[in-house]
Amino acid sequence: MIAYCGINCLECGAFQATQKNDDEKRAEVAQLWSKQFNVSINPADINCEGCISGGDNIFSHCKVCEIRSCCKEQDIANCAFCDDYSCEKLEMVFNMAPDVKRRLDGLRINL
1284 MIAYCGINCL
1294 ECGAFQATQK
1304 NDDEKRAEVA
1314 QLWSKQFNVS
1324 INPADINCEG
1334 CISGGDNIFS
1344 HCKVCEIRSC
1354 CKEQDIANCA
1364 FCDDYSCEKL
1374 EMVFNMAPDV
1384 KRRLDGLRIN
1394 L
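Last residue of the sequence shown? That's 1394 in my numbering, and every number before it is there in order.
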């Protein structure tokens, strides 16, 4: 399950904690992300079924994510399918998760 930005949801701690209903994993992810992104995240915030799931149970950042909004407006599966790939919206994601660029580049090759 690949998110709009190219993150593999199956590897995401929030997705994993939600799927397993694992409060210890929620606490671990909240602590890690709070430190990593210099914000305050509570374990109760760590609930996500994936931004492409169509449901309302997504991580709070995903609800305001420019990349998600853009893909939804264009009705595309993810950024690999975008005519403007790779735009400036993706640069921050690429810097934080280089594997995302490789994944999206790989998807584009197969289009």
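Think of the CB as a built atom: it goes at the ideal place given N, C-alpha and C, for glycine as much as any other residue.
CB-CB under 6 Å to E1349, same chain, minus the five flanking residues each way: which ones, in chain order?
Position 66 of the sequence shown, counted from the first residue, corresponds to residue 1349. Cβ neighbours of E1349 beyond the five flanking positions: K1372.
If L1387 sits next to C1362, beta carbons under 8 Å apart, how far is it from one beta carbon to the other, in whole angstroms?
As a first step, residue 1387 must be located in the sequence shown, where it is residue number 104. As a first step, residue 1362 must be located in the sequence shown, where it is residue number 79. Their Cβ separation, rounded to whole angstroms, is 6 Å, which keeps L1387 and C1362 in contact under 8 Å.
With DSSP as the reference, label I1392 as helix, strand or coil.
The sequence position of residue 1392 within the sequence shown is 109, counting from 1. If DSSP states are grouped into helix, strand and coil, I1392 belongs with the helices.
Within 10 angstroms of its Cβ, does G1289 collect 16 or more other Cβ (buried), or is it exposed?
One-based indexing of the sequence shown puts residue 1289 at position 6. It is buried - the Cβ of G1289 has at least 16 other Cβ atoms within 10 Å.
Residue range of the alpha helix (DSSP H) that includes V1347:
The residue you call residue 1347 lines up with position 64 of the sequence shown. Segment: none, V1347 is in no alpha helix (DSSP H) and carries neither H nor E.
Contact under 8 Å by Cβ, R1309 with C1334
Mapped onto the sequence shown, residue 1309 falls at position 26. Mapped onto the sequence shown, residue 1334 falls at position 51. Contact: no.
For N1340, name the three-state secondary structure that DSSP assigns.
As a position in the sequence shown, residue 1340 is number 57, starting the count at 1. N1340: coil per DSSP, three-state reduction.
Per DSSP, which one or two residues make a beta bridge with N1291?
Taking the sequence shown and counting its residues from 1, one reaches residue 1291 at position 8. In DSSP, N1291 forms a bridge with I1285.
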